[in-house]
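Student: Quick one: this structure, given as structure tokens, is what I'll be asking you about.
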Amino acid sequence: MDMFSKLTTLFQQALETREPSINLLESFVDHWKGITNYYIETTDETKPAKQTDIPWRLKQMLDILVYEEEQQESEETGPCMEYLLQHKLLETLCTLGKAQYPPGMSQQVLAFFSKLLTQIQQPMLHIINVHRPVQKLIRLCAHPGSLTEKEEAQFLFVICSRLKQDPYVLNYILEIRRESPIKKSSSTSGDDAGIQSAEAPSPEKGPTSPLRGCPAPDTLQSEQPGPSSSPRQPPNPTCPSNNDLIHALIHLTKSQKSRVALKAHESLSVLVNLPKQETAACLAESTSLCQLLAGRLCELYSMVPSSLDPTNLHGFPQIHWRDRFSQGCPEKTLTFPGSEHVVAFLGWLDYCDSLAKEAQKVLSVKLAKAIHHQWLMAVVQPQLLQISEAGILVTTALLSCIVRQIGAPALLDELVLFLLGEQSQSELRMDTESHALRYQLIERCDHISDEISLSTLRLFDELLQKPHESVVHAADPEPLEESVELEEDPFFTDMYPQDEFNSSEQLLSLPPRQVEQRQSGQTRVADIVNSFLCLVPQEARTSQHVQGAGYDTYVHDAHELFKECTAFSLQWGWPESPKAPEPLPAGSDFYEGHFLKVLFDRIAGILEQPYELNLQVTSVLSRLAVFPHPHLHEYLLDPYISLAPGSRSLFSVLIRVIGDLMQRIQHIPNFTERLVHIRKQLMALEPETLTDHVTLLKGVIVLEEFCKELAAIAFVTLSLEEH
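See below:
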């Protein structure tokens with residue numbers, strides 16, 4: 001009796017175990033039939049889908065599928081999922097969504113697909129009865145005037161998220177066809193190829209189960225059939241239409257609904273970040289992703305009005321693409337005409353920059369080159385080379401914002417290549433052909449229009465802040481002849497009496513410990529610093545009349561800037577000490593290079609130039625002098641460097657400026673008092689009043705500060721070099 005009772009109990013438990021599975025399938029089928037019966041029985045074709053029982057039945061079907069998967073102890077597909085796949089329910093739903101019957105059905109279908117792909121854990125996209133309806137549904141997304149943008153954006157985001165888990169199915173979703181390796185081998189072994197073709201599994205004819213008998217992930221791409229290509233040409237993978245996943249996402253990034261646009265941005269970021277080198281190569285070579293991103297950049301750039309006031313772009317904040325979708329977005333704080341277009345353009349540029357940073361190298365390089373050719377070369381270069389001064393000003397100011405925005409190495413490579421070219425040899429005089437754009441930009445640093453010069457110098461200042469070797473490429477120096485030293489320069493000897501310049505008075509800002517040390521290295525640094533500090537004559541100095549304006553205020557900034565520039569150049573292979581010069585070839589002379597020549601010409605005119613322009617010229621030279629290349633330090637910071645006849649160094653140019661200043665001082669009464677007054681005006685310590693010689697006086701103030709800054713840079717850089 002006990003045995004019979006035990007058998008009865010076991011039989012009952014077995015029935016209870018199987019019953020939920022049977023009931024689940026019956027319930028699942030009943031809900032599906034309830035949906036299909038609606039189309040047979042309904043007579044009201046205008047009733048919205050959300051007012052029918054279709055949304056409820058779809059939810060019940062989804063809940064059953066999720067529950068069924070949770071109850072499965074093995075990786076086998078449950079009966080409800082098998083029913084959905086074998087009877088092509090997703091295909092039918094996609095058709096109903098496309099028909100928009102009842103009204104709003106597409107919204108229900110998109111939501112069902114999104115939840116299904118999110119909540120089912122097992123891989124699904126490689127199954128033909130899943131990825132085909134998914135492809136069809138993608139084609140229904142991102143059409144003009146769509147009322148389901150929210151659901152479309154969520155659906156596409158889910159697709160990209162699933163691709164992150166199963167990147168090998170990217171070809172299926174994008175419908176990319178590649179030449180089959182089987183057909184490729186047929187030209188060499190026809191019989192063997194035929195056998196392989198017969199045995200090779202095809203995902204489009206394979207089993208509907210996501211687990212049983214499906215091809216291995218690593219072989220899916222190579223085994224996908226495709227049209228054969230001519231034996232003379234390499235296989236050309238193609239993307240078939242303009243309504244695929246990528247086109248849809250690019251379209252949705254333009255949505256006026258910020259949440260939709262943000263979701264589309266995030267989806268593209270996920271797509272670009274897909275793992276595996278093969279996936280990145282597929283996106284780079286077999287899709288129009290890079291061209292579409294660059295095309296959108298051109299589109300937004302063209303919307304920036306040419307009537308912008310360039311002064312509104314100076315100091316324009318760096319835009320982060322995510323900030324545009326937050327409540328404190330920059331568009332709300334910048335109110336000048338056209339600011340919204342500038343923010344939109346720079347926001348997309350920052351987005352492209354972030355994609356280039358995140359993507360694998362093959363995709364990052366492809367995107368950067370697309371931006372170079374489609375935008376920089378085709379759109380920006382003609383604007384930079386135009387004749388209109390107003391157009392030059394706007395384009396150059398905007399380009400400074402662009403340089404500030406870019407940080408991805410691949411994109412920075414292309415930007416520097418666009419602006420400066422790839423020449424690495426020493427420059428020749430009047431070389432206008434090696435890179436026409438670079439030559440024009442450098443020439444504009446000494447333009448007849450001070451506004452254009454100022455704007456172009458700001459552009460180079462931004463470039464010098466980028467960690468790219470080509471921006472500060474220092475070629476092997478031209479050999480220098482032993483010649484007359486600077487102490488024999490007539491301006492130098494006439495300006496300072498012998499006992500004044502060689503006096504041993506302590507420098508205010510050098511620590512006593514440094515001054516007391518008599519080592520040769522420390523003595524050399526002190527002499528160089530002293531040379532710059534003593535360069536400006538006593539009657540032209542104003543620091544002692546204003547608190548907190550001493551030389552030591554520049555030392556900290558110089559130290560921080562030197563650390564930054566040193567971090568840039570660690571991987572550039574710069575020498576630690578200057579190379580010895582070789583004899584000059586007959587008939588040749590030293591050439592400092594086009595850029596330094598123009599900067600030296602500008603410094604030579606510091607007493608006649610606008611104050612803002614002088615500040616910018618000295619800023620560029622100071623940053624150049626900080627870079628830890630021994631030849632730059634020798635040429636820009638060593639007052640005692642030997643020069644060939646007719647050559648200039650920065651110190652020799654400054655000496656001649658001081659000589660000119662000493663002559664002008666003789667003709668300006670109360671010169672020192674006026675100079676101090678102008679300095680206090682610039683510091684907002686006194687109200688502005690009209691006075692003569694304002695440009696000259698401001699130039700002297702900039703000159704004094706520049707000499708102190710150079711002294712600080714020399715102290716920091718040369719002291720560290722000595723150690």
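Start counting the sequence shown at 1; every next residue gets the next number (the UniProt record's numbering). Glycine included, every Cβ here is placed at the ideal spot set by N, Cα and C.
Suppose you measure from the CA of valine 694 to the CA of threonine 311; what does that come to, to the nearest Å?
Tutor: Distance between the alpha carbons of valine 694 and threonine 311 is about 23 Å.
Student: Is the beta carbon of residue 727 less than 8 Å from the beta carbon of leucine 437?
Tutor: As shown, the chain starts at 1 and ends at 723. That puts residue 727 outside it, with no answer to give.
Student: Could you check whether isoleucine 713 and alanine 625 sit closer than 8 Å to each other, using their CB atoms as the reference points?
Tutor: Contact flag set, yes.
Student: How is the alpha helix (DSSP H) around threonine 46 delimited, first residue to last?
Tutor: From DSSP, threonine 46 is part of no alpha helix (DSSP H); its letter is neither H nor E.
Student: Taking the alpha-carbon positions, what's the proline 20 to arginine 139 distance?
Tutor: In this predicted model, proline 20 has a pLDDT of only 47, less than 50, meaning its place in the structure is not dependable enough to derive any value.
Student: Do valine 620 and leucine 464 have their C-beta atoms closer together than 8 Å?
Tutor: Against a cut-off of 8 Å, the Cβ pair of leucine 464 and valine 620 comes out as a contact.
Student: Going by beta carbon distance, what residues of the same chain come within less than 8 Å of phenylalanine 562, once the five residues before and after it are set aside?
Tutor: Here the set comprises Val626, Pro628, Ile713, Val716, Thr717, Leu720.
Student: Three Cβ pairs or more, each shorter than 8 Å: is that satisfied between the segment 364–382 and the segment 405–413?
Tutor: Yes: at least three Cβ pairs fall under 8 Å.
Student: Measuring straight from C-alpha to C-alpha, what distance separates arginine 623 and isoleucine 641?
Tutor: Answer to the nearest angstrom: the Cα atoms are 20 Å apart.
Student: With tryptophan 348 and arginine 404 assumed to form a contact (beta carbons below 8 Å), what rounded beta-carbon distance in angstroms separates them?
Tutor: With 8 Å as the limit, tryptophan 348 and arginine 404 do not qualify as a contact, their Cβ atoms being about 15 Å apart.
Student: Going by C-alpha to C-alpha distance, which of Pro382, Lys33, Leu650 sits closest to threonine 618?
Tutor: Answer by Cα proximity: Leu650.
Student: Only counting the same chain, and skipping five residues up and downstream in sequence, which positions put a Cβ closer than 6 Å to that of cysteine 707?
Tutor: Cβ within range, chain order: Phe532, Leu535, Val536.
Student: Since leucine 393 is in the alpha helix (DSSP H), which residue starts that stretch and which ends it?
Tutor: Start and end: 389–405.
Student: Assuming contact is defined by CB atoms lying nearer than 8 Å, are alanine 153 and leucine 252 in contact in what I supplied?
Tutor: Contact: yes.
Student: How many Å lie between histidine 633 and serine 577 at the Cα?
Tutor: Distance between the alpha carbons of histidine 633 and serine 577 is about 10 Å.
Student: Can you tell me whether cysteine 352 is helix, strand or coil according to DSSP?
Tutor: Correct three-state label for cysteine 352: helix.
Student: Could you check if arginine 679 is buried or exposed, using at least 16 other CB atoms within 10 Å of its CB as the buried criterion?
Tutor: It counts as buried.
Student: By how many angstroms is the C-alpha of leucine 399 removed from the C-alpha of leucine 654?
Tutor: Near 31 Å, if we compare the C-alpha coordinates of leucine 399 and leucine 654.
Student: Give a yes or no on whether the C-beta atoms belonging to serine 255 and cysteine 160 are separated by under 8 Å.
Tutor: No.
Student: Please determine, among Gln681, Glu688, Ala540, the residue with the shortest C-alpha to C-alpha distance to proline 669.
Tutor: For the residues Gln681, Glu688, Ala540, the minimum Cα distance to proline 669 belongs to Ala540.
Student: Just mark isoleucine 387 as buried or exposed, buried being the case when its beta carbon has 16 or more other beta carbons within 10 Å.
Tutor: Label assigned to isoleucine 387: exposed.
Student: Does methionine 105 pass the burial test, meaning 16 or more other C-beta atoms within 10 Å, or should it be called exposed?
Tutor: Buried is the call here.
Student: Could you pull out every residue in the same chain whose Cβ sits closer than 6 Å to the Cβ of tryptophan 321, ignoring the five residues on either side in sequence?
Tutor: If we look at tryptophan 321 and ignore the five residues flanking it on each side, its Cβ neighbours are Gly347, Asp350, Tyr351.
Student: Spatial neighbours of alanine 711 within its chain, please: C-beta separation below 6 Å, excluding the five flanking residues on both sides.
Tutor: Contacts found: Val529, Phe532, Leu533, Tyr551.
Student: Excluding the five sequence neighbours on either side, which residues of its own chain have a C-beta within less than 7 Å of the C-beta of proline 467, listed in chain order?
Tutor: Cβ neighbours of proline 467 beyond the five flanking positions: Phe568.
Student: Checking 8 Å against the spacing of the C-beta atoms, do glutamate 156 and cysteine 282 come in under that value?
Tutor: The question names glutamate, but residue 156 in the sequence shown is leucine. Contact flag unset, no.
Student: Taking its Cβ as the centre, do 16 or more other Cβ atoms sit within 10 Å of asparagine 342, making it buried, or is it exposed?
Tutor: Rather than asparagine, the amino acid found at residue 342 in this sequence is valine. Valine 342 is buried by the Cβ-count criterion.
Student: How is glycine 605 classed by DSSP in three states: helix, strand or coil?
Tutor: If DSSP states are grouped into helix, strand and coil, glycine 605 belongs with coil.
Student: Please state if the CB of leucine 417 and the CB of valine 471 are separated by a distance shorter than 8 Å.
Tutor: Contact: no.
Student: Whose C-alpha, out of Met81, Leu428, Leu125, is nearest the C-alpha of glutamate 175?
Tutor: The shortest C-alpha separation from glutamate 175 is found at Leu125.
Student: Ignore the nearest five residues each way along the sequence and tell me which others in isoleucine 452's own chain have a CB closer than 8 Å to its CB.
Tutor: Taken in chain order, the residues that qualify are Glu389, Ile392, Leu393, Thr396, Arg444.
Student: What three-state label does DSSP hand glycine 78 in the structure shown?
Tutor: Glycine 78: coil per DSSP, three-state reduction.
Student: In whole angstroms, give me the CA-to-CA distance for asparagine 37 and alanine 280.
Tutor: Roughly 46 Å between the two C-alpha positions.
Student: Between the Cα of alanine 261 and those of Val270, Ile250, Leu271, spot the shortest distance and give me the residue it belongs to.
Tutor: Here the closest residue by C-alpha is Ile250.
Student: Would methionine 61 and phenylalanine 113 qualify as a contact pair, given that the criterion is a beta-carbon distance under 8 Å?
Tutor: Not closer than 8 Å, so no.
Student: So, at 8 Å on beta carbons, what are the nonlocal neighbours of tryptophan 375 in its own chain, with the 5 sequence-adjacent residues on each side left out?
Tutor: Hits under 8 Å: Ala294, Leu297, Cys298, Tyr301.
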